[in-house]
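FYI, in full-length UniProt numbering the residues of the sequence shown are 1 to 270.
Down below is the structure, laid out as structure tokens.
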Amino acid sequence: MEDEDMDQIILVLNQLVLWVAAGAMVFGGVVPYIPQYRDIRRTQNAEGFSSYVCLVLLVANILRILFWFGRHFETPLLWQSIIMILTMLIMLHLCTDIRVASELNTKRRAFAATDSKDEEIKVPKKFFLDFDLKYFWLWSRFMDYLQCVLAFTALAAYITYLFLDSDVFVETLGFLAVFTEAMLGTPQLYRNYQNKSTEGMSIKMVCMWTSGDTFKTGYFVLNQAPVQFSICGLLQVFVDIAILFQVYYYSHYPQKPVSHAVHTTSAKAL
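Dropping the structure here:
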């Protein structure tokens with residue numbers, strides 16, 4: 001009787017651990033962007049956060065959701081993609097509003113310096129439907145970003161529907177999804193190399209990325225997720241560790257003074 005009670009307790013504990021792990025997997029990727037969002041709102045300055053981060057994550061998670069239709073994987077991973085897409089859209093909405101307001105304030109200061117009237121102040125509008133590559137992902141309205149995301153989703157979904165019976169296409173789609181996300185840290189790695197310094201980069205953020213990516217990769221391996229997930233998870237951890245190595249190297253062996261300031265809460269900016 002005691003053995004049965006102990007087995008029941010162990011079963012409940014195992015189930016609880018699985019629920020906690022699933023919850024961490026679903027919401028863990030969002031956590032690093034919460035302080036970034038709050039900092040942007042507090043400072044009303046979005047210069048330290050690259051909106052291309054949102055672009056990469058939107059593409060990666062849309063492709064991952066489409067991959068699920070060809071090869072079902074763990075449900076928490078599917079919910080993680082949905083939550084991340086919503087998070088990136090929220091970030092884009094905030095960054096767009098603040099960037100447009102900042103451009104307007106800059107124009108006002110310029111006009112004030114030349115004694116011009118406020119009613120003459122106009123900020124050039126950039127729209128998605130203009131199809132001007134020069135202003136791609138630099139549009140003036142959140143609706144334009146939403147239109148772009150919906151257009152990409154519709155096109156990718158249509159192509160996926162046509163080739164859903166092809167194992168090669170499905171596996172390639174899964175690889176592209178996780179590979180895109182795995183390479184998210186490389187622009188920060190390259191920028192640090194160019195500057196010969198990590199000044200202005202939040203070390204706490206990188207530590208959060210590293211711990212989160214390590215947990216995620218372990219989750220992939222233990223739950224026998226598709227092999228693309230595990231390989232690209234390991235690549236993501238490697239990039240995070242490389243950035244941490246830069247922090248150590250440039251702090252102990254300074255190469256040259258930093259010529260410009262970088263926002264301290266910059267997130268894997270492109």
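Note that beta-carbon positions come from the ideal geometry of N, C-alpha and C, so glycine has one too.
Note that this is a predicted model, so its numbers are computed, not measured.
Check the Cα spacing between I241 and each of F27, T153 and L189: the tightest is with L189. When the beta-carbon positions are compared, G28 and L164 stay at least 7 Å from each other.
By the criterion of a C-beta distance shorter than 7 Å, S81 is surrounded in its chain by N61, R64 and I65, once the five residues flanking it on both sides are discounted.
Residue pairing by DSSP places F127 in no beta bridge whatsoever. Annotated three-state conformation of F175 is helix, per DSSP.
Pairing D144 with F131 gives a Cβ-Cβ distance that is not under 7 Å.
The three-state reading of DSSP puts F163 in coil, since its state is none of H, G, I, E or B. Apart from the 5 residues on each side of it in sequence, D213 sits with its Cβ closer than 7 Å to the Cβ of G233, Q236, V237 and D240 in its chain, given in chain order.
Rounded to the nearest angstrom, the gap between the Cα atoms of L244 and R191 is 14 Å.
Under the rule that a run must span 4 or more residues, the alpha helix (DSSP H) segments found entirely inside the stretch 24–105 read 33–43 and 51–70. Nearest to Y37 by C-alpha distance, out of Q15, W19, L138 and I98, is I98. The beta carbon of I203 sits closer than 7 Å to those of V247, all from its chain and outside the five residues before and after it, given in chain order. Across the structure, S50 and V17 are spaced so that their CA atoms are roughly 36 Å apart.
Linking V170 to M208 through their CA atoms gives a straight-line distance of about 31 Å. Of all alpha-carbon atoms in V56, S251, L94 and C54, the one lying nearest the alpha-carbon of N45 is that of L94.
Each of T43, C148 and T198 was checked against the Cα of L89, and the nearest Cα belongs to C148. Between L58 and I85 a beta carbon distance of about 6 Å is seen, short of the 8 Å cut, so the two are scored as contacting.
In this structure, DSSP gives N192 a helical state, which the three-state scheme calls helix. Rounded to the nearest angstrom, the Cβ distance from S230 to F215 is 13 Å, too far for a contact under 8 Å.
When only Cα atoms are considered, A157 and T75 end up about 19 Å apart. The C-beta of W19 has fewer than 16 other C-beta atoms within 10 Å across all chains shown, which makes the residue exposed.
At the C-beta level, M6 and C54 stay beyond 7 Å of one another.
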